[in-house]
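*Asks:* When we follow UniProt numbering, the leftmost residue of the sequence shown carries the number 1, and every step to the right adds one.
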Amino acid sequence: MEVLQNRIASFTRSKRVKSGPKTTVTLKWPHPSSFQANPETLAEAGFYYDPSPEDRDSVTCYMCSKQLSEWDSDDDPFDIHYRKCAKTCSWAVVRCGLRNDVDHQGRFMSQSKNRMPLSKVMEKARLDTFTFGDGWPHDNIKDGCTSKKMARAGFIYMPQEPGDDLATCLYCGVSLSGWDDDDDPMCVFPSFPLTLFSFILQGRASQASQEGQRQLPHLRRPFSSSQTTSEIEI
1 MEVLQNRIAS FTRSKRVKSG PKTTVTLKWP HPSSFQANPE TLAEAGFYYD PSPEDRDSVT
61 CYMCSKQLSE WDSDDDPFDI HYRKCAKTCS WAVVRCGLRN DVDHQGRFMS QSKNRMPLSK
121 VMEKARLDTF TFGDGWPHDN IKDGCTSKKM ARAGFIYMPQ EPGDDLATCL YCGVSLSGWD
181 DDDDPMCVFP SFPLTLFSFI LQGRASQASQ EGQRQLPHLR RPFSSSQTTS EIEI
């Protein structure tokens, strides 16, 4: 369920679950799209639909296996996932916690050292998105765009479909796919407008880009219009 579209699809299909020793019941996602916790936002926050007869709106995080249910119309799945799982779930740390790091204008405001983009905590959480499940498809090499280099450069792994190699920097909204094994992720940020992460990485990135520019991977935008990450001001 690390693939976003698979998580979204889990909310559109009916589920047959056991309701007794010899009986089953068919369940569907029970809430309207007007809920903050809708299929797209829940899937983006890491959840897939996993109901039971007792909890018909139960969802489970694909990474930490946290189960949540009894959703109200104004429940924010990003906020709830982060509050409950910030110490145990890397997806909650890197994706859901981002909303606590920026204000409504997209400016970075967190004062926590562990929430700073270059902290070991954040780098480890980003790395976990590449190594979970089937893993990053370019880790069969010694150099280039390995998962460790991708995480160090600020990316998380956000596959939209099976076999996808889409990687995203949540701090500036840049999403790239079609990586070659010898691509250097540090060369990417000098090619895009200056943002917080490219600013704090500029020493690393400038050095890498001077070693030779390559054609960039394909720029893609995985977010819906309501979820696009704002460019962070500095």
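Think of the CB as a built atom: it goes at the ideal place given N, C-alpha and C, for glycine as much as any other residue.
Fair warning: this is a prediction, and the values are worked out from it, not measured in the lab.
Under the three-state reduction of DSSP, which class applies to R13: helix, strand or coil?
*Replies:* Here residue 13 is taken as the residue at index 13 of the sequence shown, counted from 1. If DSSP states are grouped into helix, strand and coil, R13 belongs with coil.
*Asks:* Going by other Cβ atoms of all chains shown within 10 Å of its Cβ, with 16 needed for buried, is K18 buried or exposed?
*Replies:* Position 18 of the sequence shown, counting from 1, holds the residue named residue 18. Label assigned to K18: exposed.
*Asks:* Helix, strand or coil, according to DSSP, for Y171 in the structure here?
*Replies:* The residue you call residue 171 lines up with position 171 of the sequence shown. Residue state, collapsed to three classes: coil.
*Asks:* Taking only three categories from DSSP, how would you classify Y62?
*Replies:* Translated into the one-based positions of the sequence shown, residue 62 becomes position 62. Looking at Y62 - three-state DSSP - the assignment turns out to be coil, as it is neither helix nor strand.
*Asks:* Ordered along the chain, which non-local residues of its own chain (more than five positions away) have a Cβ less than 7 Å from that of G203?
*Replies:* Position 203 of the sequence shown, counting from 1, holds the residue named residue 203. Annotation note: pLDDT 47 at G203 (below 50); position unreliable, no value reported.
*Asks:* Where do the N-terminal and C-terminal ends of the beta strand (DSSP E) with F78 fall, by residue?
*Replies:* Taking the sequence shown and counting its residues from 1, one reaches residue 78 at position 78. Careful: F78 lies outside any beta strand (DSSP E), inside the alpha helix (DSSP H) at P77 to C85.
*Asks:* Alpha carbons only, please: which of E2, E54, S147 and T88 is nearest the one belonging to R126?
*Replies:* Within the sequence shown, numbered from 1, the residue matching residue 126 stands at position 126. If we check each option's Cα against that of R126, S147 comes out closest.
*Asks:* Once you ignore the five residues that flank S73 on each side, which residues in its own chain have a CB closer than 6 Å to its CB?
*Replies:* As a working mapping, residue 73 is identified with position 73 in the sequence shown. Once the five neighbours on either side are set aside, the close Cβ partners of S73 are F35.
*Asks:* Which residue or residues does DSSP assign as beta-bridge partners of F108?
*Replies:* Counted from its first residue, the sequence shown places residue 108 at position 108. Beta-bridge pairing links F108 to V102.
*Asks:* How is the beta strand (DSSP E) around V93 delimited, first residue to last?
*Replies:* As a position in the sequence shown, residue 93 is number 93, starting the count at 1. No beta strand (DSSP E) contains V93, which DSSP labels as neither H nor E.
*Asks:* Below 7 Å CB to CB, which residues in the same chain sit around T24 once its five sequence neighbours on both sides are set aside?
*Replies:* Within the sequence shown, numbered from 1, the residue matching residue 24 stands at position 24. Contacts found: R16, V17 and K18.
*Asks:* Can you tell me which of T41, S110 and R115 puts its alpha carbon nearest to the alpha carbon of H81?
*Replies:* Your numbering for residue 81 matches position 81 in the sequence shown. The shortest Cα separation from H81 among T41, S110 and R115 belongs to T41.
*Asks:* Rounded to a whole number of angstroms, what is the C-alpha to C-alpha distance between A161 and I141?
*Replies:* Residue mapping note: residue 161 aligns to position 161 of the sequence shown, counting from 1. Residue mapping note: residue 141 aligns to position 141 of the sequence shown, counting from 1. In the sequence as presented, Ala is not what sits at residue 161; that position holds Glu. Their backbone Cα atoms lie some 23 Å apart in a straight line.
*Asks:* Just to confirm before moving on: does the CB-CB distance between R56 and L27 stay below 8 Å?
*Replies:* Counting from 1 along the sequence shown, the entry for residue 56 is found at position 56. Counting from 1 along the sequence shown, the entry for residue 27 is found at position 27. Yes, the pair counts as a contact, with Cβ atoms nearer than the cut-off.
*Asks:* Which residue marks the beginning of the alpha helix (DSSP H) containing F130, and which one marks its end?
*Replies:* Translated into positions along the sequence shown, residue 130 becomes position 130. Looking at the DSSP string, the run of the alpha helix (DSSP H) that includes F130 is K120 to T131.
*Asks:* Going by beta-carbon coordinates alone, are F78 and C64 separated by less than 8 Å?
*Replies:* To locate residue 78, count along the sequence shown from 1; it is residue 78. To locate residue 64, count along the sequence shown from 1; it is residue 64. No, the pair does not count as a contact, with Cβ atoms beyond the cut-off.
*Asks:* In this structure, how does DSSP classify T26 when only helix, strand and coil are distinguished?
*Replies:* As a working note, residue 26 is residue 26 in the sequence shown. It is a strand residue.
*Asks:* Near P137, what residues of its chain come up, given a Cβ to Cβ distance below 6 Å and the 5 sequence neighbours on each side ignored?
*Replies:* Here the question's residue 137 lines up with position 137 in the sequence shown. Within the same chain, P137 has close Cβ partners D165.
*Asks:* So, A37 versus W71, is the Cβ gap smaller than 8 Å?
*Replies:* For the purposes of this step, residue 37 is taken as the residue at position 37 of the sequence shown. For the purposes of this step, residue 71 is taken as the residue at position 71 of the sequence shown. Taking 8 Å as the Cβ cut-off, A37 and W71 qualify as a contacting pair.
*Asks:* Around the C-beta of K66, are 16 or more other C-beta atoms found within 10 angstroms, so that it is buried, or is it exposed?
*Replies:* Your numbering for residue 66 matches position 66 in the sequence shown. Flag for K66 reads buried.
*Asks:* Please work out which residues of its chain come closer than 8 Å, Cβ to Cβ, to S119, disregarding the five sequence neighbours upstream and downstream, and give them in chain order.
*Replies:* On the sequence shown, position 119 is the one that residue 119 refers to. Same-chain partners within the cutoff: K113.
*Asks:* Please determine, among A43, G154, L68 and Y48, the residue with the shortest C-alpha to C-alpha distance to E54.
*Replies:* Mapped onto the sequence shown, residue 54 falls at position 54. Considering only alpha carbons, the answer is L68.
*Asks:* Which value, in whole angstroms, describes the spacing of the CA atoms of D184 and G173?
*Replies:* Working through the sequence shown from its first residue, we reach residue 184 at position 184. Working through the sequence shown from its first residue, we reach residue 173 at position 173. If you take the alpha carbons of D184 and G173, they lie about 18 Å apart.
*Asks:* Helix, strand or coil for I156, going by three-state DSSP, please let me know.
*Replies:* The residue you call residue 156 lines up with position 156 of the sequence shown. Note: I156 maps to strand in three-state DSSP.
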